Amino acid sequence: MIYRTLFVFVAIIALAACQPQKKEINYPKTDLAAAPLIPKPVKTIATQSAFGLDAQTAIYTSTNDPAFEAVGQFLSEKIKGKTGLDLAVNNTSDATVERLIFINQSDSTDLATPESYQLYIKKDSILLNAKTAEGAFRGIQTLRQLIPEQSNDTLTDHPLWVIPSGKIMDAPKYAYRGSMLDVSRHFFSVDEVKKYIDAMAYYKMNTLHLHLSDDQGWRIEIKSWPKLTEVGGATEVGGGEGGFYTQEDYKDLVAYAAKHHITIVPEIDMPGHTNAASVSYPFLNGNGKKVEPYTGTQVGFSTFDAQKDTVYSFLDDVIGEIAAMSPGPYFHIGGDESHVTKKSDYILFIEKVEKIVQKHGKRMVGWNEIAQAKIDPSTIAQLWSNPKDAENAAANGSKIIMSPAHKAYLDMQYDSLTKFGLHWASYIPVDVGYNWDPETIVENLPKESILGIEAPLWSETISNIAELEYLAFPRLIGYAELGWSPTEHLNWEDYKERLAKQAAYLEKMNINYYPSKLIDWKKD
Ligand code: TNX
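In structure tokens:
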């Protein structure tokens, strides 16, 4: 199969080379190493020539894996959106083709991770090698970023988008590079979440954690417990109407994320942060008080009753329904700020819920507090507050997701003048959000214990997509680089020049970013 695709590739190059009408193009000198790529690739070698993307360019992919063809289609759609060119994918009968982009499934041992890719850009061909469609997908993001906004209309008799030539060898630093959206404190629609996924994918993030329940709202339909959304879905911070995803909506989101090689991590927060669930079904409540709908922003007052069997059968249904719709390996159980759960109950609860999550075929993820329980080494702890918890979890064999609030929380204000956001952990200007090393946040944490990083966006202070984007961008782009690029490439002075050049993409995508004065934004 590999030989067959290689044969097709060689044949097509030969075919392209034989075109009688083909004219040499005198490309201007280019420098691939100076391209404002984010995240910065591991290795770039410039060859000072160029590839001209035009209407005579075609896309071919390995055909042994349909997911590679899908990556080719995705590239074609994005090229159309950016340039207007409508490039065919795997159409071998087109005789007008002069240049080609080949997306090749390769088993080369140089491709060390599933997301690794190699990009070879020459005058007449672009070759992208990857072991998996996921790697190919990451690689085409690099290619998308290399296509200039404007065509060059002087080199030939038709518009041509000049892509600098050379080689890129690339692979991520961490396997987990994510962001979280809190759709509970304020609800965000399927289309709004999709728009966020588009931007995450462009910067090679691979995980979207959805915080689907909290005191103020329950956001995912559970067929066996319908009041969760009928009652618990009807509130949000500030008294707005709330909302929820039907199971069809959620599946649509999961599929959209999968098309972008992004895994959804669903979170049902417990045993605290459960007021909306307990308002829907009061037998769940364990704080001894009458439950009322809550639309404020306090935390730590609610808890499930950890002593009742019925609570665990309820959770078996809830986790089972969500796990069945979530192809990813993880289920997040929250576990944070359970201030009114007795410590012994908390530990009992986490250990019992871990078994339920595992029974439904998922790896449990929880905020760092879960390290107080005797968790399984396969369970993952997400550091937000207490480094000691992360240290303990790692000593137990668990992997850690780094989301230290004072560095990685997208809901922290940029400075005291920022309209939205909080500052209980810190103010996080764009440079502070970028200038930290996940490996030095926790003392005595072996590097190998770090699964990756995640930037959570809590939504107490934001109620529409423009406000959400104002907090997320441009900081999210920095977290994408922190998660992907090797430490020796992380340099604020270099990064801020590349970030400045993202303005064209952000504006074209209609993303409302915070125009930080630290950046000399270049709009075209
Ligand atoms: C702490 S972080 C929380 C959230 C809040 C957030 C606000 C975490 C695990 N719990 O419930 O929304 O602070 O910044």
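When we follow this note's numbering, the leftmost residue of the sequence shown carries the number 919, and every step to the right adds one.
Virtual Cβ for every residue (Gly too), placed ideally from N, Cα, C.
Nothing here was measured: the structure is a model prediction, and the numbers come from that model.
Nonlocal neighbours in the same chain, by C-beta distance under 7 Å from K1440, ignoring five residues either side: Locating residue 1440 in the sequence shown gives position 522, counting from the first residue. Here the set comprises A1418, K1419 and A1421.
For L1045, which three-state DSSP category applies? By one-based count along the sequence shown, residue 1045 stands at place 127. DSSP places L1045 in strand when its eight states are reduced to three.
Can you give me the start and stop residues for the beta strand (DSSP E) that M1188 sits inside? Mapped onto the sequence shown, residue 1188 falls at position 270. First-last of the beta strand (DSSP E) with M1188: T1181 to M1188.
I1437, buried or exposed, once every other Cβ within 10 Å from all chains shown has been counted against 16: Here residue 1437 refers to the residue found at position 519 when the sequence shown is read from its first residue. I1437 comes out buried.
Count the other CB atoms within 10 Å of the CB of P1090; is the residue buried (16 or more) or exposed (fewer)? Taking the sequence shown and counting its residues from 1, one reaches residue 1090 at position 172. Burial call: buried.
Can you tell me which of M1427, S1434 and Y1432 puts its alpha carbon nearest to the alpha carbon of G915? Absent from the structure is residue 915, since the part of the chain shown begins at 919 and ends at 1442.
Can you list, in chain order, the residues of its chain whose CB lies under 7 Å from that of A964, leaving out five sequence neighbours each side? Here residue 964 is taken as the residue at index 46 of the sequence shown, counted from 1. These residues qualify, in order along the chain: D949, L950, A951, P1082 and G1084.
Is the distance from the Cβ of K975 to the Cβ of L1005 below 7 Å? Numbered from 1 along the sequence shown, position 57 holds the residue referred to as residue 975. Numbered from 1 along the sequence shown, position 87 holds the residue referred to as residue 1005. According to the sequence shown, residue 975 is Thr rather than Lys. Taking 7 Å as the Cβ cut-off, T975 and L1005 qualify as a contacting pair.
Might you give, ordered along the chain, the residues of its own chain that have their beta carbon closer than 7 Å to the beta carbon of S1244, omitting 5 neighbours on each side? If you number the sequence shown from 1, residue 1244 lands on position 326. Contacts found: V1172, I1182 and P1184.
Here's the rule I'm using: 16 or more other beta-carbon atoms within 10 Å means buried, otherwise exposed. How should E1148 be labelled? Locating residue 1148 in the sequence shown gives position 230, counting from the first residue. With fewer than 16 other Cβ atoms within 10 Å, it is exposed.
Please tell me whether N1362 and E1287 are closer than 7 Å, where the distance is taken between their beta carbons. Here residue 1362 refers to the residue found at position 444 when the sequence shown is read from its first residue. Here residue 1287 refers to the residue found at position 369 when the sequence shown is read from its first residue. Result no, Cβ atoms of N1362 and E1287 do not sit closer than 7 Å.
Residue closest to F1219, alpha-carbon to alpha-carbon, out of L1061, P1189 and K1226: As a first step, residue 1219 must be located in the sequence shown, where it is residue number 301. Among L1061, P1189 and K1226, the Cα nearest to that of F1219 is on P1189.
A929 to G970, Cα distance in whole Å? As a working mapping, residue 929 is identified with position 11 in the sequence shown. As a working mapping, residue 970 is identified with position 52 in the sequence shown. Per-residue confidence for A929 stands at a pLDDT of 49, beneath the threshold of 50, marking its modelled position as unreliable; no derived number is given.
Take the Cβ of D1347 as the centre, count every other Cβ of all protein chains shown within 10 Å, and call the residue buried at 16 or more, exposed below. Stepping through the sequence shown from its first residue, residue 1347 is reached at position 429. It should be noted that the sequence gives Pro, not Asp, for residue 1347. By the neighbour-count rule (16 or more Cβ atoms within 10 Å), P1347 is buried.
Report the CB separation of V1236 from W1143 in whole angstroms; it is logged as a contact under 8 Å. Position 318 of the sequence shown, counting from 1, holds the residue named residue 1236. Position 225 of the sequence shown, counting from 1, holds the residue named residue 1143. Rounded, the Cβ-Cβ distance is 7 Å, consistent with contact.
Any chance the CB of D1042 is under 6 Å from a heavy atom of ligand 1? Looking up residue 1042 in the sequence shown gives position 124. For ligand 1, not one heavy atom lies less than 6 Å from the Cβ of D1042.
Under a three-way DSSP split, which group does S1034 fall into? As a first step, residue 1034 must be located in the sequence shown, where it is residue number 116. In the structure shown, S1034 sits in coil (DSSP, three-state: anything other than H, G, I, E or B).
So, under 8 Å CB-CB, I1383 and L1389 are touching, yes? Tell me the CB distance rounded to an integer number of Å. Position 465 of the sequence shown, counting from 1, holds the residue named residue 1383. Position 471 of the sequence shown, counting from 1, holds the residue named residue 1389. Going by Cβ atoms, the distance from I1383 to L1389 rounds to 11 Å, so no, they are not a contact pair.
Report buried or exposed for Q1063, applying the criterion of at least 16 other Cβ atoms within 10 angstroms of its Cβ. What you label residue 1063 is simply residue 145 of the sequence shown in a count that begins at 1. Q1063 is buried by the Cβ-count criterion.
Let's test the definition: count the other Cβ atoms within 10 Å of the Cβ of K961 and tell me whether it reaches 16, buried, or not, exposed. Position 43 of the sequence shown, counted from the start, is the residue given in the question as residue 961. Answer is exposed; the Cβ neighbour count stays below 16.
Any chance the CB of W1285 is under 6 Å from a heavy atom of ligand 1? Position 367 of the sequence shown holds residue 1285. Answer for W1285: yes, Cβ within range of ligand 1.
Along the alpha helix (DSSP H) that carries K1000, what are the first and last residues, could you check? Residue mapping note: residue 1000 aligns to position 82 of the sequence shown, counting from 1. Residues P984 to T1001.
At what residue ranges does the region 1313 to 1351 contain a whole run of the beta strand (DSSP E), taking only runs of 3 or more? 1318 to 1320
Euclidean distance between Cα positions of S1303 and A1323: In the sequence shown, the residue the question calls residue 1303 occupies position 385. In the sequence shown, the residue the question calls residue 1323 occupies position 405. Roughly 6 Å separates the two Cα atoms.
For S1131, does the count of other Cβ atoms within 10 angstroms reach 16, so buried, or fall short, so exposed? Here residue 1131 corresponds to residue number 213 of the sequence shown, with the count starting at 1. Label assigned to S1131: buried.
If we ignore side chains and look at the alpha-carbon of each, how far apart do G1204 and T1213 end up? Translated into the one-based positions of the sequence shown, residue 1204 becomes position 286. Translated into the one-based positions of the sequence shown, residue 1213 becomes position 295. Straight-line Cα distance between these residues: approximately 20 Å.
Is the beta carbon of V1350 within less than 6 Å of some heavy atom of ligand 1? Reading the sequence shown from its first residue, position 432 is the one you call residue 1350. Not so, every heavy atom of ligand 1 lies at least 6 Å from the Cβ.
Distance, A1326 Cα to S1316 Cα: Here the question's residue 1316 lines up with position 398 in the sequence shown. Here the question's residue 1326 lines up with position 408 in the sequence shown. About 21 Å.
With a floor of 4 residues, list each alpha helix (DSSP H) that falls wholly inside the region 1234 to 1294, ordered by position along the chain. 1261 to 1277
If you draw a straight line from the C-alpha of F986 to the C-alpha of R1393, how long is it? Stepping through the sequence shown from its first residue, residue 986 is reached at position 68. Stepping through the sequence shown from its first residue, residue 1393 is reached at position 475. C-alpha separation (whole angstroms): 31 Å.
Secondary structure, beta strand (DSSP E): runs of 3+ residues fully inside the region 1073 to 1126: 1079 to 1088 and 1094 to 1100
How long is the line joining the alpha carbons of H1341 and L1335, rounded to whole angstroms? Within the sequence shown, the letter at position 423 stands for residue 1341. Within the sequence shown, the letter at position 417 stands for residue 1335. Taking the straight line from one Cα to the other gives about 11 Å.
If I measure Cβ to Cβ from W1402 and keep anything under 7 Å in the same chain, skipping five residues before and after, which residues do I get? Taking the sequence shown and counting its residues from 1, one reaches residue 1402 at position 484. For W1402, where only same-chain residues beyond five positions count, the Cβ hits under 7 Å are P957, P1090, K1091, R1095 and K1122.
Taking the alpha carbon of K1040 as the point to measure from, which residue in E1052, F1055, D1028 and I1086 has its own alpha carbon closest? Position 122 of the sequence shown holds residue 1040. It is I1086.
Start and end residues, beta strand (DSSP E) containing S967: For the purposes of this step, residue 967 is taken as residue 49 along the sequence shown, with counting starting at 1. K961 to L971 is the extent of the beta strand (DSSP E) around S967.
Based on the DSSP secondary-structure assignment, which residues constitute the bridge partners of W1136? On the sequence shown, residue 1136 is found 218 positions in, with the first residue counted as 1. BP columns for W1136 point to S1131.
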